[in-house]
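Everything below concerns the one structure shown next.
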Amino acid sequence: MIRLKVKEVAAAKGVSMRKLSKAADIAYNTLRTIYKDPYRQVNTFTLDRLANALGVDASELIESVPDTPLKDSTEKCLNQ
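Have a look at this one:
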């Protein structure tokens, strides 16, 4: 699973959501959604704009995380 680190990178650089949305030329609501749901699918164009606005490589805005294991009861239901 891929997780976006936009919020963390922006915070480390002291960049507010408003400033980042303007610098990346993306809608504030789009950025807010990315901040609220770091597992959200985002297109590469948006990711590239965010990376450029933050002065980082796009690879610094993503990380690979293990999938969350299913709870035992859910797993049992699926396996029946």
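Residue numbers (the working numbering): 600 to 679.
Glycine residues also receive a C-beta, built at the ideal position from the N, C-alpha and C atoms.
Query, Result
"Leu646 beta carbon less than 8 Å from that of Val608", "no"
"Test item: CB-CB of Val614 and Leu653 under 8 Å", "yes"
"Coarse secondary structure for Ile633, derived from DSSP in three states", "helix"
"Continuous alpha helix (DSSP H) stretch holding Arg617: start and end", "616 to 623"
"Backbone secondary structure at Arg639 - three-state DSSP", "coil"
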